[in-house]
Every structure is written in structure tokens, then in C-alpha cells.
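Residue numbers (the numbering used here), protein chains in the order written: chain A, 1 to 123; chain B, 1 to 288.
C-beta atoms are modelled at their ideal positions from N, C-alpha and C, and glycine is treated no differently.
Structure (C-alpha cells):
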């Protein structure tokens, strides 16, 4: 499992960890049932405090990405990819609506907007 | 047992300096960094935890036990690490082991040799030939060889070069893996703590300012920068200390939320380092 931490990032370290583990799970790199390193081992490996990795795992548990068994450790939980996809789609819809509202305010046409989106998407 | 060290209402007076009503709990299984400016009272506090000094009022409990009735049992379980000439200068590690080892019930010779090897310490050279870093390692090796559950260190990184400092921090993190050990160490090099500490206790002029997890500190404290025209008696109330300059103000807050509500987007809010916090708290006291 690869986790890269940036000390100069504005994002708190525990969030960097949760986000990277989430992406690995969603991308299928971490499969259901995979054991994660212990909180203390991960802290040592990343050279950060135990309380930080503890918080990261707690957040992942709250969001149902992982589960923990006392004395055994933490494991990747079963992910319902359909549900996650639907949730993401909903977020994208909301964000696009905001984009459309903004575009109308400055009189950007649909063609122009599509062009802009195309450039950004292919970047 | 959640708290390994527990101080209740501890007071100690000296000429021109005193420790005032300190309540402090140190949690098991974590690293607590103990910070404060020179002369803030760090060493006095550590001496009271080690029963080298007795508080005038209040109580000190280690592992839930007090020194009056359980001194030996407590000392068995503590490893005290500090720099300076801990051992007789002319002795080598082998001699020291022969003297110190039998004093502990749980002394482990194999473990001792294992740490000697890991820390690359010479067994047959006199301690006076050791560098500061090596002395620190020797002191730590001895503390670890009697299976200490609580490791108390007074300024362990003072006077060490950056490479050895990192090595020491690595060793400390390795010790934390099994979850049973607790480390309490004082330092005024706050960068040591940014990486590995779980809790930070800050002492200033003999008073405990806070003892919080690093997350709580990051969530509560921040630096705020903006134009001086924004300041008045109301907007300033959430600042611990404000520095006014010709180009704007810089302030420390311990209530980020309130500052956001008050100022919105008109100011910059940045993460405050431990050094920032120490500096502004000190400034705050001077001008009050």
C-alpha cells in the first residue's frame, strides 16, 4: 500500500491518508478483506504520530471503507460500487448545475462551455 | 490504566520562581511532548515525576501509585533518559551493565546486547570518550533493557546533530509499535514534535497552558493576518495576542471558529506552528 504524505500541503495529514486509502479502495487496488497495516506500524512507516493514523482509520471506519476487529486489526470493507457510483454522479450533477449557473451569469454559450470542458477533460 | 502519569494540583516554590497548581495527565501508549521556554519549569516538573524533588502540595502518581509507598515498584518500570554525565566517566558500558543490571528485577541481558548492537555502541570504551549522541543512546539502551513501560526523557535531542536527532526519533517510534509503552519527553526543539508527538503539554512560567492532542491544537490555534483597520475591542476578543505592524496585524487565536465568524474572508488564517504558539503566548504575557 502506497501512501505519500506532503508536509507542505494544507490538507491535514490524517485527511491525506484517508483520501489515498479511499482512492485505492475505489480503484480496486485494495480488495475487500485486505488487512491494513496496524495503526502503530503505519505511524512508524510514515514517521508520523500514532494519534494521526488512529484518526485516519477512525474516519475510514465512519465512512464504512474499513472495519476493525479488536486484537486482529483493520480490513477493507465490502464496497457497494453501484451505490458509490450513484453518489458520485449526484455530486457531479450538482457541481455541473453550479457551473451552468455561473456560465449564464456571464453569458457563456453552451458551445463555448462544452469547448472549455473538452479542453479541461483531455488535459 | 489510562493515565500513566497523574499530577494533581502540584505546587513547588523556589526563590523567584514557582510551579503553580499543575494538573497533568499523561496517557498510556502515546508520545507526549513537553514544551516550554528555557526556565519555564520543564526540568523541575520532570524531577518531581522522578521523585528527585518533592512537591509542596498536591500529589504525583505514576502507574496509579504514589512514591511514598511504592517508590521501588515505580522506578522498576520507568526508564529515565537524560544527557550529561549519567554514569561514571571512566567506566565502560560493560562495567555499567554489571552495576546497574542487578538493581532491576526485570533486567534483560540479551536485550541489552541487542540494543548495544543496534545503537552501535562500543562496550569496552570509557563513557568519557562517547559523543553526546552516543551517551544518549547508552542511556536509552539501559532504560530499555529493564523493560521500562514509561520512558521519561529530559531534553533528549538537545545538542544532537540533525542526523542523530532523526535516528533517535525513529527509535522512539519503533518503541511505540507494540502499544504498551508511554514516552514523555521535554524539548524546546519543537520540530522534533511535529512529526511524532501525539499530545503536547505546554508549560509557561510554572503554569500549564494546555495539554492537548495535536489535532485539537491544530483545530483550535491559528495565526490570523489582516489589515489593522479590522481591529477593535470586539474583534480582538478571540486573540491570545496581537502584533500590530506598519503593514498589518498578525495574531494568535485559540478559537479559529470564532475568528472565522467574525472576520470571514477579510483575513488570512494559517496553521500555527508550536513555535508560533509559544512565541505569541510569551508575548501575550509580557504586554498584559
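Could you name the residues of chain B that residue i contacts, counting a contact when the two beta carbons are closer than 9 Å?
{"i": "residue 88 of chain A", "result": "Neighbours of residue 88 of chain A on chain B: none; closest Cβ ~28 Å, over 9 Å."}
Which chain B residues are close to residue i, counting only those with a beta carbon under 8 Å from its beta carbon?
{"i": "residue 48 of chain A", "result": "195 and 196"}
{"i": "residue 51 of chain A", "result": "30, 198, 199, 213, 214 and 215"}
As a quick exercise: from the options, pick the residue whose alpha carbon is nearest that of residue i.
{"i": "residue 56 of chain B", "options": "B:50, B:26 and B:21", "result": "B:21"}
{"i": "residue 26 of chain A", "options": "A:109, A:66 and A:99", "result": "A:66"}
{"i": "residue 56 of chain A", "options": "A:28, A:5 and A:32", "result": "A:5"}
{"i": "residue 78 of chain A", "options": "A:22, A:12 and A:71", "result": "A:22"}
{"i": "residue 43 of chain A", "options": "B:67, B:106 and B:175", "result": "B:175"}
{"i": "residue 192 of chain B", "options": "B:91, B:155 and B:225", "result": "B:155"}
{"i": "residue 30 of chain B", "options": "B:6, B:181, B:71 and B:9", "result": "B:181"}
{"i": "residue 153 of chain B", "options": "B:124, B:81, B:37 and B:276", "result": "B:81"}
{"i": "residue 100 of chain B", "options": "B:59, B:39 and B:144", "result": "B:144"}
{"i": "residue 277 of chain B", "options": "B:267, B:140 and B:219", "result": "B:219"}
What does the alpha-carbon distance come out to for the pair residue i and residue j?
{"i": "residue 178 of chain B", "j": "residue 206 of chain B", "result": "34 Å"}
{"i": "residue 3 of chain B", "j": "residue 27 of chain B", "result": "4 Å"}
{"i": "residue 222 of chain B", "j": "residue 260 of chain B", "result": "11 Å"}
{"i": "residue 164 of chain B", "j": "residue 282 of chain B", "result": "30 Å"}
{"i": "residue 116 of chain A", "j": "residue 91 of chain A", "result": "20 Å"}
{"i": "residue 185 of chain B", "j": "residue 33 of chain B", "result": "5 Å"}
{"i": "residue 150 of chain B", "j": "residue 79 of chain B", "result": "6 Å"}
{"i": "residue 62 of chain B", "j": "residue 75 of chain B", "result": "9 Å"}
{"i": "residue 287 of chain B", "j": "residue 239 of chain B", "result": "Reliability fails at residue 287 of chain B, whose pLDDT of 43 lies under 50, so the model's placement of it is uncertain and no value is given."}
{"i": "residue 285 of chain B", "j": "residue 59 of chain A", "result": "Any reading at residue 285 of chain B must be qualified, since the residue scores a pLDDT of 47, below 50, and its modelled position is unreliable; the value itself is stated next. Taking the straight line from one Cα to the other gives about 38 Å."}
{"i": "residue 61 of chain A", "j": "residue 68 of chain A", "result": "8 Å"}
{"i": "residue 127 of chain B", "j": "residue 121 of chain B", "result": "10 Å"}
{"i": "residue 40 of chain A", "j": "residue 53 of chain A", "result": "8 Å"}
{"i": "residue 262 of chain B", "j": "residue 118 of chain B", "result": "54 Å"}
{"i": "residue 110 of chain A", "j": "residue 87 of chain A", "result": "26 Å"}
Say whether chain A places a C-beta atom closer than 8 Å to the C-beta of residue i.
{"i": "residue 174 of chain B", "result": "yes"}
{"i": "residue 80 of chain B", "result": "no"}
{"i": "residue 141 of chain B", "result": "no"}
{"i": "residue 30 of chain B", "result": "yes"}
What does DSSP give as the partner residue(s) for residue i in the beta ladder?
{"i": "residue 244 of chain B", "result": "B:249"}
{"i": "residue 121 of chain A", "result": "Answer is none; residue 121 of chain A lacks a bridge partner."}
{"i": "residue 212 of chain B", "result": "B:200"}
{"i": "residue 82 of chain B", "result": "B:154"}
{"i": "residue 92 of chain B", "result": "B:126"}
{"i": "residue 60 of chain B", "result": "B:7"}
{"i": "residue 24 of chain A", "result": "The partner list for residue 24 of chain A (beta bridge, DSSP) is empty, contrary to what the question assumes."}
{"i": "residue 25 of chain B", "result": "B:6"}
{"i": "residue 67 of chain A", "result": "A:75"}
{"i": "residue 294 of chain B", "result": "In the structure displayed, chain B extends from 1 to 288; residue 294 of chain B sits before or after that span and is not available."}
{"i": "residue 35 of chain A", "result": "A:75"}
{"i": "residue 66 of chain B", "result": "B:61"}
{"i": "residue 225 of chain B", "result": "B:250 and B:268"}
{"i": "residue 207 of chain B", "result": "B:204"}
What does residue i touch in chain B if you count any residue whose Cβ is under 7 Å from its own?
{"i": "residue 55 of chain A", "result": "215"}
I'd like to know whether the C-beta of residue i is nearer than 8 Å to at least one C-beta of chain B.
{"i": "residue 12 of chain A", "result": "yes"}
{"i": "residue 27 of chain A", "result": "no"}
{"i": "residue 84 of chain A", "result": "no"}
{"i": "residue 62 of chain A", "result": "no"}
Name the chain E residues that come within less than 7 Å of residue i, Cβ to Cβ?
{"i": "residue 184 of chain B", "result": "Looking at the structure shown, chain E is missing, and the protein chains on hand are A and B."}
Taking Cβ-Cβ distances shorter than 7 Å, what residues in chain A pair up with residue i?
{"i": "residue 328 of chain B", "result": "Because chain B here runs from 1 to 288, residue 328 of chain B falls outside it and cannot be looked at."}
Run through chain A and tell me which residues come within less than 9 Å of residue i, C-beta to C-beta.
{"i": "residue 218 of chain B", "result": "12"}
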